[in-house]
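Under the working numbering, the sequence shown has 520 at position 105, and the numbering climbs by one with no breaks.
No residue lacks a Cβ here, since even glycine has one placed at the ideal position from N, Cα and C.
These numbers were taken from a predicted model, which means no experiment stands behind them.
Read through the structure below, which is laid out as structure tokens, and then see the notes.
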Amino acid sequence: MAEGILLIISGPSGVGKGTVCRRLIEIRGNLRLSVSTTTRPPRSSEEEGREYNFTDLPRFKEMIKEGAFLEWAQVHSHYYGTRLEVVREVLSGGEDLILEIDVQGAAQVRKNTPGAVSIFLAPPSLEALEERIRGRGTEDTLRIRQRLIAAREEMQAYHLYDYVVVNDTVEQAAGLVGSIIDAEKCRVSRGVRPPGWGGE
Ligand code: 5GP
Numbered sequence: 416m417a418e419g420i421l422l423i424i425s426g427p428s429g430v431g432k433g434t435v436c437r438r439l440i441e442i443r444g445n446l447r448l449s450v451s452t453t454t455r456p457p458r459s460s461e462e463e464g465r466e467y468n469f470t471d472l473p474r475f476k477e478m479i480k481e482g483a484f485l486e487w488a489q490v491h492s493h494y495y496g497t498r499l500e501v502v503r504e505v506l507s508g509g510e511d512l513i514l515e516i517d518v519q520g521a522a523q524v525r526k527n528t529p530g531a532v533s534i535f536l537a538p539p540s541l542e543a544l545e546e547r548i549r550g551r552g553t554e555d556t557l558r559i560r561q562r563l564i565a566a567r568e569e570m571q572a573y574h575l576y577d578y579v580v581v582n583d584t585v586e587q588a589a590g591l592v593g594s595i596i597d598a599e600k601c602r603v604s605r606g607v608r609p610p611g612w613g614g615e
């Protein structure tokens, strides 16, 4: 069985990564969204094990020491990490896995996982992005300001990714990401061969 593809999706805060990923999972089978571990407290709409595995800082640091993470990073004063065990399990089962992670985490995965495909999700404009961050209403003013500054910085990292997808509409962006996955699955470097040419 062919191994699944590890897909990294990054983009500035508020660009709509979560919405695009959820839509992508609805329209494609065989694809899962990785549940990260974080020290950030849950938002009112979030559930343990669904959006994140919530933990405290001492436990998170222990997990770093144990080598439990494929990547981890500190983002907006909280820690976030992707558990290696989960990634291995999903990919070896032949399913594709999306990591919705920040720019620092994406750099680590690119380094330690050569087959990973990285996509930078960009807003149609910076103004549109600011509107979304202000409109979300889940954060206080200081946090919003931190996120706006971080978002502008995060935008600058787009050139480190394999692909840039603009989130004009969720449907279009999810469709484009799906097409990228399809194209990646045809790569000869992933062991794809014409029928009758071995590897089957
Ligand atoms: P939020 O707190 O809004 O859910 O996420 C904040 C940022 O952390 C987002 O940019 C998100 O992509 C990033 N993030 C979420 N999980 C992980 C992870 O496991 N690793 C890294 N490096 N970043 C993550």
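Burial state of residue i, where buried means 16 or more other Cβ atoms lie within 10 Å
i, result
"Glu481", "exposed"
"Arg602", "exposed"
"Arg605", "exposed"
"Pro610", "exposed"
"Arg560", "exposed"
"Ser449", "buried"
"Leu544", "buried"
"Ser460", "exposed"
"Gly444", "exposed"
Residue i versus residue j: straight-line alpha-carbon distance, rounded
i, j, result
"Leu499", "Leu514", "12 angstroms"
"Gly433", "Thr556", "22 angstroms"
"Gly429", "Glu568", "13 angstroms"
"Pro427", "Ala488", "15 angstroms"
"Ile564", "Glu542", "13 angstroms"
"Asp597", "Arg458", "34 angstroms"
"Ile595", "Val579", "11 angstroms"
"Gly464", "Asp471", "15 angstroms"
"Ile548", "Arg562", "8 angstroms"
"Ala522", "Thr528", "10 angstroms"
"Gly508", "Tyr467", "22 angstroms"
"Ser451", "Gly613", "38 angstroms"
"Gly550", "His574", "28 angstroms"
"Gln571", "Gln519", "12 angstroms"
"Arg525", "Arg558", "29 angstroms"
"Ile440", "Glu546", "26 angstroms"
Cβ-based neighbour list, residue i, same chain, cut-off 8 angstroms, excluding 5 preceding and 5 following
i, result
"His493", "Thr453, Thr454, Arg455"
Near the ligand 5GP: residue i beta-carbon under 7 angstroms from a heavy atom
i, result
"Asp517", "yes"
"Ser428", "yes"
"His574", "no"
"Arg455", "yes"
"Lys432", "yes"
"Gly520", "yes"
"Glu486", "yes"
"Ser425", "yes"
"Val490", "yes"
"Tyr495", "yes"
"Ser451", "yes"
Contacts around residue i, its chain only, beta-carbon distance under 6 angstroms, and the 5 residues preceding and following it disregarded
i, result
"Glu599", "Ile420, Val532"
"Leu485", "Thr497, Leu499, Val502"
"Arg438", "Val585, Ala589"
"Asp577", "Val532, Ser533"
Beta-carbon proximity check, residue i vs residue j, cutoff 8 angstroms
i, j, result
"Ile442", "Ala566", "no"
"Glu586", "Leu506", "no"
"Ile516", "Leu422", "no"
"Leu536", "Arg447", "no"
"Pro539", "Val607", "no"
Same chain only: Cβ atoms within 7 angstroms of residue i, ignoring 5 sequence neighbours per side
i, result
"Leu591", "Val580"
"Asp583", "Pro539"
"Met416", "Gly509"
Distance cut-off 7 angstroms: residue i Cβ against heavy atoms of the ligand NAP
i, result
"Leu536", "Only the ligand 5GP can be found as ligands here, which leaves the ligand NAP out of the picture."
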